[in-house]
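Trainee: Structure in structure tokens, see below.
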């Protein structure tokens, strides 16, 4: 803590001592308020904040201990140093009870007093820094926890419109973003699809194109763009924005998953004050993007591929069911889906785990095992003549192996959920089998 910023309230009814303190502390670089009126000192404590209170113990009407109690009553974090010509055991005990930092005996040595003040200032600085750091960690954890809880729900949502609404609610309620926009592809541009706290015209004209520049910074998927301000002089491509609004610092955050750019989050009027630094805020919005990106990856890709893939999946299952019916045997279907347990490096670890899972399933399951790829994070397993109880026991054994390898002590951890459906017990046709698998997977996700 710089001395010029350390505010000291000096209180002593002896004007000679007070003048000496005022001069010495000012010359030593402290910001000093000095008074010989203890009543006025009480008023100052109510109205202003001081880092250190240096007070005489014995004064008429209001004593040094009254000053100490007032500081505690007001909930101030000021450190109190008492000046006294004599300190009784009782007064020392009472002072300790109320958290007095130190005593200075009269006549005091100015160099010793300065050393005490410097120690007090350093202690106060460390206390405040520690409190701020703990608050910062707590708030960051609350945000990340909120994101994780919401994303766990989002990963189960297949409807794009519902997913977008939930994301905007998360940004507004969970992250407390007041001016934020979700940019999604529309032709060759990324246009504002949903927004909070932004005008209609702004949402219409503010659009981005990958590879184009905004105020000299290239729009892309690699990193956040930090804009010092956004107003009518902001240049996108070769044109200025035709807007009336004026925003301060703003972020353009890419939504990228598995090397695919799905859109951007625009955060406008970023608070440059407060607990978090700009770098902290950038990290936070990177986490936000990392959490929601897989939702777009899954839902958007699902929208493109669902009809084709579901038709193929149903045909495969129906063919196996018909074959089992013809020869009078059972056949079990397992739907396995990899899900994230943490934020970093998720895409890479999902691919790693899927490959490992396929290997374990081929090794651990008995009978004729056939694996059909469905998506980067899921696949269908068909086991002829499989006993569903034995299959579930084997899958739990595999899960134990996976959780040891990919969760314990790891960052970016992933695990898997699964569903089991057996012909003819759980269905006689492909549609019934698929419905049972979906219910089983959803149940598995809830229990996870």
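Residue numbers (this note's numbering): -4 to 443. Here a beta-carbon is modelled for each residue, glycine too, at the ideal position from N, C-alpha and C.
1) Output needed for residue 300: all residues of its chain with C-beta closer than 6 Å, excluding positions within five of it in sequence on either side, in chain order.
2) What residue range does the alpha helix (DSSP H) around residue 162 cover?
3) In three-state terms, what does DSSP make of residue 75?
4) CB-CB under 8 Å to residue 205, same chain, minus the five flanking residues each way: which ones, in chain order?
5) Counting only runs of 3+ residues fully inside the region 218 to 251, write out the beta strand (DSSP E) ranges in chain order.
6) For residue 287 and residue 233, what's the separation of their Cα atoms in angstroms?
7) Could you pull out every residue in the same chain whose Cβ sits closer than 8 Å to the Cβ of residue 264, ignoring the five residues on either side in sequence?
8) If contacts are defined as beta-carbon pairs under 8 Å, then residue 17 and residue 5 qualify, I think. What distance do you get, rounded to the angstrom?
9) State the start and end residues of the unbroken beta strand (DSSP E) segment that holds residue 178.
10) On a CA-only basis, which of 261, 10, 385 and 69 is nearest residue 51? Give me that one, please.
11) Measuring CA to CA, which of 436, 76 and 320 is closest to residue 423?
12) Compare the C-alpha of residue 95 against each of 66, 276 and 106 and name the closest.
13) So for residue 434, helix, strand or coil by DSSP?
14) Please state whether DSSP places residue 288 in a helix, a strand or coil.
15) Does the distance from the C-beta atom of residue 193 to that of residue 328 stay below 8 Å?
16) What span of residues does the alpha helix (DSSP H) with residue 66 cover, start to end?
17) Which same chain residues end up closer than 7 Å to residue 170 when comparing Cβ atoms and leaving out the 5 residues on each side of it in sequence?
18) What's the C-alpha gap between residue 183 and residue 352?
19) Taking the alpha helix (DSSP H) that residue 101 belongs to, which residues open and close that run?
20) Assuming residue 172 is part of the alpha helix (DSSP H), what are its boundary residues?
21) CA-CA distance, residue 27 and residue 1?
22) Alpha carbon to alpha carbon, how far is residue 97 from residue 76?
23) Considering Cα atoms alone, identify which of 128, 167 and 251 is closest to residue 272.
24) Tell me residue 366's beta-bridge partners as DSSP assigns them.
25) Compare the C-alpha of residue 119 against each of 247, 435, 48 and 224 and name the closest.
26) Is it true that the CB of residue 425 sits closer than 8 Å to the CB of residue 312?
27) Please state whether the Cβ-Cβ distance between residue 33 and residue 56 is less than 8 Å.
28) Between which residues of its own chain and residue 159 is the CB-CB distance below 7 Å, once the five residues before and five after are set aside?
29) Taking just the CA atoms, how far does residue 436 sit from residue 356?
Mentor: Considering the structure as presented:
1) For residue 300, the pLDDT reaches just 49, beneath the cut-off of 50, and the residue's location in the model is therefore unreliable, leaving the point undetermined.
2) Annotation: the continuous alpha helix (DSSP H) that includes residue 162 extends over 155 to 164.
3) Three-state result, residue 75: strand.
4) Cβ neighbours of residue 205 beyond the five flanking positions: 185, 214, 215, 216 and 256.
5) Runs of the beta strand (DSSP E) inside the region 218 to 251: 220 to 222.
6) One alpha carbon belongs to residue 287, the other to residue 233, and they sit about 31 Å apart.
7) The beta carbon of residue 264 sits closer than 8 Å to the beta carbons of 173, 174, 242, 243, 244 and 245 from its chain, once the five residues preceding and following it are set aside; these are given in chain order.
8) Correct: roughly 6 Å between the Cβ atoms.
9) Segment 175 to 181, the beta strand (DSSP E) holding residue 178.
10) It is 10 whose Cα lies nearest to the Cα of residue 51.
11) Nearest option by C-alpha distance: 320.
12) Distances from the CA of residue 95 to each of 66, 276 and 106 were compared; the closest alpha carbon is that of 66.
13) Shown here, residue 434 sits in a helix according to DSSP, grouped into three states.
14) Assignment of residue 288 by DSSP, reduced to helix, strand and coil, places it in the helix class.
15) For residue 193 and residue 328, no; Cβs fall outside 8 Å.
16) In the DSSP assignment, residue 66 falls within the unbroken alpha helix (DSSP H) covering 59 to 68.
17) The beta carbon of residue 170 lies closer than 7 Å to those of 138 and 283 in the same chain, with the five residues before and after it left out.
18) In this structure, the CA atom of residue 183 is about 39 Å from the CA atom of residue 352.
19) For residue 101, there is no enclosing alpha helix (DSSP H), as DSSP gives it neither H nor E.
20) Element bounds for residue 172: n/a, residue is neither H nor E.
21) Distance between the alpha carbons of residue 27 and residue 1 is about 8 Å.
22) Taking the straight line joining both Cα atoms gives about 5 Å.
23) Selected option, being the one with the closest Cα: 128.
24) Paired residue(s): 376.
25) Ranked by Cα distance from residue 119, the options 247, 435, 48 and 224 are led by 48.
26) Yes, these two residues count as a Cβ contact at 8 Å.
27) Yes, Cβ-Cβ distance for residue 33 and residue 56 is below 8 Å.
28) The beta carbon of residue 159 sits closer than 7 Å to the beta carbons of 177, 188 and 189 from its chain, once the five residues preceding and following it are set aside; these are given in chain order.
29) Whole-angstrom Cα-Cα distance: 17 Å.
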